[in-house]
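Trainee: Heads up: the sequence shown is residues 1 to 102, going by UniProt numbering.
Please see the structure below; I have some questions.
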Amino acid sequence: LQRCIELCLPAASQFVVEEVLESGPIGIALHKNGCRVMQSLLKRCSDESVHRLVAALLPEFSKMAQHQYGKFVVLCFLECDQGEQRQCVMERVEEEVRRQPS
1 LQRCIELCLP
11 AASQFVVEEV
21 LESGPIGIAL
31 HKNGCRVMQS
41 LLKRCSDESV
51 HRLVAALLPE
61 FSKMAQHQYG
71 KFVVLCFLEC
81 DQGEQRQCVM
91 ERVEEEVRRQ
101 PS
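Quick look at the structure:
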């Protein structure tokens, strides 16, 4: 699936985005292989699709940032996006870091 996303045009991967959103993107982002699929979607899909995926994941970004596989999805998003969603993610991650004991 990851390879298909990488080879297809962004519009052709839209059905994958819909399935991910329906089945719960957080579970996929935290899965050993699912995190790779999510990274491929973030890199290759349209801005609208990425926005929808990130909006669904945003409440769990601090949890994802600390997870062994989820952290790669967070890093991928931070590397790929420069918009207002990126700023929102950065603020959430910073809040979480401040809450951690020294």
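Virtual Cβ for every residue (Gly too), placed ideally from N, Cα, C.
Quick caveat, the model's predicted, so the values are computed rather than measured.
If you draw a straight line from the alpha carbon of Glu91 to that of Phe61, how long is it in whole angstroms?
Mentor: 10 Å
Trainee: Round the Cβ separation of Gln2 and Ser49 to the nearest angstrom and send it over; I've been treating them as touching at under 8 Å.
Mentor: Incorrect: roughly 16 Å between the Cβ atoms, too far for contact.
Trainee: Which residue comes first and which comes last in the alpha helix (DSSP H) that contains Ala29?
Mentor: 25-29
Trainee: If I follow the unbroken alpha helix (DSSP H) through Ser62, where does it start and stop?
Mentor: 61-65
Trainee: Nearest-angstrom Cα distance between Cys4 and Leu21?
Mentor: About 18 Å.
Trainee: What did DSSP end up calling Cys76 once you bin it into helix, strand or coil?
Mentor: Correct three-state label for Cys76: helix.
Trainee: Following the continuous alpha helix (DSSP H) through Ser40, name the residue where it begins and the one where it ends.
Mentor: 34-44
Trainee: Tell me where the alpha helix (DSSP H) around Ala56 begins and ends.
Mentor: 47-57
Trainee: Using CA atoms only, rank isn't needed, just tell me which of Leu78, Ala56, Arg86, Gly27 is closest to His67.
Mentor: Gly27
Trainee: So what's Gly70 in DSSP terms, helix, strand or just coil?
Mentor: helix
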